[in-house]
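Asks: Sequence positions in the sequence shown follow full-length UniProt numbering and run 1 to 505. Beta carbons are placed, not taken as given, at the ideal position from N, Cα and C, and that holds for glycine.
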Amino acid sequence: MSNNYYNQPPQFTQDVEYGHGDEKLNVPEPNPQGSSFDEVFKVEKPKWHDWPFTVFFLATVGGFIAVAVLTLRAYAQTYSEQGSGIYTNTDTFTLNSNTVILFVFVTIVSICIAMFTLVMARFNPKFFIQLSIIFNIILGIGTAIAYFVMHYYSAAIVFLIFTVISAWCYWSLRHRIPFSAEVLATVIDVMKSYKSTLVVSTLGALVSWAFSLLFSTVIVATYMKYDDKLNNPGCNVEGGSCSQGKLIGVLVFVFFAGYYITEVIRNVIHVTISGVYGTWYYLSRSDQGEPKWPASGAFKRAMTYSFGSICFGSLIVTFVDLLKQGLQILRANVVSAGDTCAQIGFLILDILMGIIEWLARFFNQYSYSFIALYGDGYITAAKATWRLIRQKGMDALVNECLVGTALGFYALFNAYVCSLLAYLYVKLTKPAYNDDGTFYAPIVAFTFLIAIQISNIVTQPLKSGTSTFFVALAKDPEVYQQSYPNRFQVIAQTYPNVFDKLRSR
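(1) Classify G278: buried if its beta carbon has 16 or more other beta carbons within 10 angstroms, exposed otherwise.
(2) Tell me the DSSP secondary structure of S286 in three-state form.
(3) If you run the structure through DSSP and keep just helix, strand and coil, what is G21?
(4) Taking all protein chains shown into account, do 16 or more other C-beta atoms lie within 10 angstroms of the C-beta of R176, making it buried, or fewer, making it exposed?
(5) Look up K427 in the DSSP assignment and say whether it is helix, strand or coil.
(6) What are the boundary residues of the alpha helix (DSSP H) that includes N456?
(7) Whole angstroms are fine: how far does the CA of P431 sit from the CA of R174?
(8) Closest to Y152 by C-alpha separation, out of N98, D287, A441 and Q391, would be which residue?
(9) Using 7 Å as the threshold, is the C-beta distance between I219 and N267 below it?
(10) For G85 and S483, I'd like the C-alpha separation in whole angstroms.
(11) In chain order, what residues of the same chain have a beta carbon less than 6 Å from the beta carbon of A68, not counting five sequence neighbours either side?
(12) Classify I137: buried if its beta carbon has 16 or more other beta carbons within 10 angstroms, exposed otherwise.
(13) Where does K225 land, buried or exposed, given buried means 16+ other C-beta within 10 angstroms?
(14) Between the alpha carbons of V100 and F123, how many angstroms are there, rounded?
(15) Where does the unbroken alpha helix (DSSP H) through D376 begin, and where does it stop?
(16) So, is I491 buried or exposed, given that buried needs 16 or more other C-beta atoms within 10 angstroms?
(17) State the Cα-Cα distance for the pair K192 and I134, rounded to the nearest angstrom.
(18) Are the beta-carbon atoms of S467 and I273 separated by less than 7 Å?
(19) Answer yes or no: do A257 and Y75 have a C-beta to C-beta separation smaller than 7 Å?
(20) Could you spell out the range, first to last residue, of the alpha helix (DSSP H) harbouring R487?
(21) Is the separation between the beta-carbon of T60 and that of Y260 shorter than 7 Å?
(22) Please classify G418 as buried or exposed, where buried requires at least 16 neighbouring CB atoms within 10 angstroms.
(23) Under three-state DSSP, which class holds K292?
(24) Hey, out of T186, K383 and A167, whose CA is closest to N486's CA?
(25) If distances are taken between C-alpha atoms only, which option among S306, V158, Y416 and Y194 comes closest to P52?
(26) Leaving aside the five residues before and after Y366 along the sequence, list all residues of the same chain whose C-beta is less than 6 Å from its C-beta, in chain order.
(27) Within the same chain, show all residues whose beta-carbon is closer than 6 Å to that of L184, passing over the 5 residues directly before and after it, in chain order.
(28) Let me make sure I understand the geometry here. Which of K427, N98, M303 and D189 has the alpha-carbon closest to that of S216?
(29) By how many angstroms is the C-alpha of R301 removed from the C-alpha of K47?
(30) Take V207 as the anchor and find which of I129, A472 and I457 has the nearest alpha-carbon.
(31) Span of the alpha helix (DSSP H) holding V53?
(32) How is Y366 classed by DSSP in three states: helix, strand or coil?
(33) Short check: CB of S201 to CB of A406, under 7 Å?
(34) Determine the extent of the alpha helix (DSSP H) in which K195 is found, giving its start and end residues.
(35) Taking just the CA atoms, how far does D50 sit from G377?
(36) For a test of the three-state rule: what should DSSP assign to M115, helix, strand or coil?
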């Protein structure tokens, strides 16, 4: 396997004292005088994988910065006319400072809920998984009822369908929970020992939060600059005239760039943390010892040789997200028109797109673990992931490891709460631009997306650790068996297929 960072089985110390019962990981402290990450995990022929996608990503970032400068400049020059508070806006034609304040509230609430999720997982993993499913069923039913009462029927039906799917998942996968709880407990133990995983997650959450605020403000500023409604002072500011076509075009690019940048941020975090977990899995009990500062070494590699691959996979998910968002906007317009048959059709499409999005993210999650562990390009990692799915089975990956499902449910909970907050905020503050109710759907949909993205980034250490552990266990189970025999025995009891070693490419 070319550029394989972790493919050499380590030599283990023979006199290691293993624990009894709940075996302790006893992870050694990093040795500042030891070898560096690059020295331990050498790349014989350094290669910048998928570099054209790095160029494309940088061009996208440049375009987003240009749009941000134009729109925020217009926002700043018309600030006195737009208003500065929740109820003091004179702007009656498009999104204004009222909306900016809403998005600030939403990002703060979403990051608090996501951090609380991370704290909960550190206590009782099994209860964390069970509670996530049960609580989301209850919350989904409550949210659907609330939307029915408020006569927001399209949202109510979607939330009700998601609730039914959640209930079915819990019933059919409940016997898989012991294995998932054991995996989550191991991942959390490693996370506690390697504080760098929490540092990376915290920094990633802060970067994501800051970018979410910028992204939200640029969306609002774009409406202020290019909306061709009457009396829009932004049309008189340098940066282009106003028109409906220009507004739609700029918004499409801004949404694309925002999704893309957010995905890249999240996946850089994933690959970095996966490198730390790979270091623990292969070297925590080896004679050669661990490299110093594995997180910084893994981050450096994620931002250099593997960055093009990260941009490649992120682009695929971004297109799926953008298509899903476009269908949701079209569905909202159909709902306003009152076409029942079209509403049902778009509802079915929305569900199908949700499944496609989940599959794309699921596939990427494991592909990036291969990239972090073995230094593959994206296509090679995708092929390895496909072999993993074929050999272990989709049922094994999805049903036997519910950690990702549980975290997904908590992310949905975060999105439910923030979406409902956004709807109530707009309804109670009654901004003039929403007198006809046309902005409910895009604001709720965008809020839902912000909460999902922030939650995904904050809980990334658990997702990265879970997928990396599963990939390493599938490829080299004997390493874990020799390193932590008691824990391996528990894994074997709850997951007999652990001995079915993943075949080489």
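Replies: Taking the coordinates as given:
(1) Per the 10 Å Cβ criterion, buried.
(2) strand
(3) In this predicted model, G21 has a pLDDT of only 39, less than 50, meaning its place in the structure is not dependable; the value taken from the coordinates is given anyway. For G21, the secondary structure class from DSSP, reduced to helix, strand or coil, is coil.
(4) Here R176 is buried: its Cβ has 16 or more other Cβ atoms, across all protein chains shown, within 10 Å.
(5) helix
(6) Y440 to V458
(7) 46 Å
(8) Nearest in C-alpha terms to Y152, of all of N98, D287, A441 and Q391, is A441.
(9) no
(10) Any reading at G85 must be qualified, since the residue scores a pLDDT of 49, below 50, and its modelled position is unreliable; the value itself is stated next. Roughly 59 Å between the two C-alpha positions.
(11) V218
(12) buried
(13) Counting the other Cβ atoms within 10 Å of the Cβ of K225 gives 16 or more, which makes it buried.
(14) 36 Å
(15) D376 -> no alpha helix (DSSP H), and no H or E assigned at all.
(16) buried
(17) 27 Å
(18) Note that the C-beta distance between S467 and I273 is not below 7 Å.
(19) A257 places its beta carbon 7 Å or farther from that of Y75.
(20) P485 to T494
(21) yes
(22) The amino acid at residue 418 is misidentified as Gly; the sequence shows Cys. Looking at its Cβ environment, which holds 16 or more other Cβ atoms inside 10 Å, C418 is buried.
(23) strand
(24) T186
(25) For P52, the nearest C-alpha among the options comes from S306.
(26) T385 and S467
(27) P125 and V403
(28) N98
(29) 11 Å
(30) I457
(31) Before going on, a small fix: residue 53 reads as Phe here, not Val. Taken as a continuous stretch (DSSP letters only), the alpha helix (DSSP H) holding F53 covers W51 to Q77.
(32) helix
(33) Going by beta carbons, S201 and A406 fall outside the 7 Å limit.
(34) K195 to Y226
(35) 7 Å
(36) Per DSSP, reduced to three states, the secondary structure at M115 is helical.
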